[in-house]
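**Q** I have a structure I would like to understand better, so I am pasting it below and will then ask my questions one at a time.
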Amino acid sequence: MSVVKRFIAGAVCPRCAQMDSVRMYRDEEREYRECVKCGFEDSLRLDGRPDPEELETRVSGERSDKAPGSSDDERDQVQVINFDSGLNRRDH
Numbered sequence: 001m002s003v004v005k006r007f008i009a010g011a012v013c014p015r016c017a018q019m020d021s022v023r024m025y026r027d028e029e030r031e032y033r034e035c036v037k038c039g040f041e042d043s044l045r046l047d048g049r050p051d052p053e054e055l056e057t058r059v060s061g062e063r064s065d066k067a068p069g070s071s072d073d074e075r076d077q078v079q080v081i082n083f084d085s086g087l088n089r090r091d092h
């Protein structure tokens, strides 16, 4: 199937606000729009159902090197913790 991209007369790009720079096309499942000036892209499902949203997890969320609840001063301090499993004990 060949895809025909058509410009939308009078459409304004939501990102760069340029008029007549948005074109649209569709496939079997989605309708796409894109701006040829700034590269904005968007798509909608043809059946009207919303896209499933990715749940925010500690992996997909915003990354930070800072531990939760710590300040910038605490992050620069290092605390060494030694764990002794007791395997090297000779008192028994």
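Numbering (UniProt numbering), first residue to last: 1 to 92. Glycine residues also receive a C-beta, built at the ideal position from the N, C-alpha and C atoms.
Based on DSSP bridge pairs, tell me the residues matched to residue 34.
**A** 23, 41, per the DSSP bridge assignment.
**Q** Kindly list the residues whose CB is nearer than 6 Å to the CB of residue 41, restricted to its own chain and excluding five residues on each side of it in sequence; keep chain order.
**A** Excluding residues within five positions, the ones whose Cβ falls inside 6 Å are 34.
**Q** Between the C-alpha atoms of residue 30 and residue 24, what's the straight-line distance to the nearest angstrom?
**A** In a straight line, the C-alpha of residue 30 is about 11 Å away from that of residue 24.
**Q** If we ignore side chains and look at the alpha-carbon of each, how far apart do residue 47 and residue 28 end up?
**A** In a straight line, the C-alpha of residue 47 is about 10 Å away from that of residue 28.
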